[in-house]
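Step one of this worksheet: look at the structure below.
Numbering (UniProt numbering), first residue to last: 1 to 107.
Here is the structure:
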């Protein structure tokens, strides 16, 4: 579409009274007409408020936080496994080892 048609379409869609699904390769167009983004990822539907640029920032931040949480969980899991390996044969710490094994199974 030429520039005048795109501008007209943007203005028209901004006045659209109901929900509208828009598919476009133009980020500028999406930034102009989108107020909320629905993102389907891993069989989950996530809602982001704002335009496409805000969606990208929020999604990047969410992915970064998920990665940090995963790495933290893996570090905790390794720490528990090391504890179990180190003290499995120690009779004084048998109850602690058993509780760590149960906690590890729940993770």
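Backbone N, C-alpha and C fix where the C-beta goes; we use that ideal spot for every residue, glycine too. Just so it is clear, the structure is predicted and the values come from calculations on it, not from any experiment.
Item                                                                             : Value
Candidates 25, 27, 68, 35: closest to residue 13 by CA position                  : 35
The alpha helix (DSSP H) enclosing residue 31, as first and last residue numbers : 27 to 33
Residue 37 - containing beta strand (DSSP E), residue span                       : 36 to 41
CB-CB length for residue 62 against residue 84, believed under 8 Å               : That pair is no contact at about 33 Å.
Assigned exposure category for residue 55 - 16 Cβ within 10 Å defines buried     : buried
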